[in-house]
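Everything below concerns the one structure shown next.
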Amino acid sequence: MLDKMKQLYQLQKQAKQVQRELKELEIEAKSADGQITVVFSGEQKLTDISIGEKYLAPEQKKELEQTILKVAQEASNKAQQLAAEKSKSMMKEMGLNLPGL
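Structure, rendered in structure tokens:
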């Protein structure tokens, strides 16, 4: 029982460390033409959007909206994947094999 408590404590400690590491990360995705950049934190929060001059014309509005959505989804997917990889690594280090993680 004491061994399990130690293991749980270590897991909590490592989980907090992973959270700190993720908080400091920035995940960036760019549109194919490089005109739109979206940045997410490792916590999967949108932190920045940069729009190139090409898209600032009114006739480009719809294309701009679609491109931002696509790039934001890409950055979000990268952030989710990175968080999952960090969590799996932590679990592996702890010797825990939990199905679905």
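Mind the numbering: the sequence shown is residues 1 to 101 in the UniProt record's numbering, read in order. Every residue, glycine too, gets a C-beta built ideally from N, C-alpha and C.
* To do: Have a look at the DSSP bridge pairing and note the partners of E28.
  => V39
* To do: For the beta strand (DSSP E) holding L64, just list the boundary residues, first then last.
  => It is not in any beta strand (DSSP E) - L64 instead sits in the alpha helix (DSSP H) that spans 61-94.
* **Of the residues Q19, L11, L64, the one placed nearest A79, counting alpha carbons only** => Q19
* For D48, write down the residues that DSSP places opposite it in a beta bridge. => V39
* To do: Indicate whether G42 and A83 have their beta-carbon atoms separated by less than 8 angstroms.
  => yes
* To do: Return helix, strand or coil for D33, following the three-state DSSP convention.
  => coil
* For M1, which of helix, strand or coil comes out of DSSP? -> coil
* Asked: Considering only residues of the same chain and omitting the five flanking positions on each side of T47, which have a CB-CB separation below 6 angstroms?
  -> V39, S41
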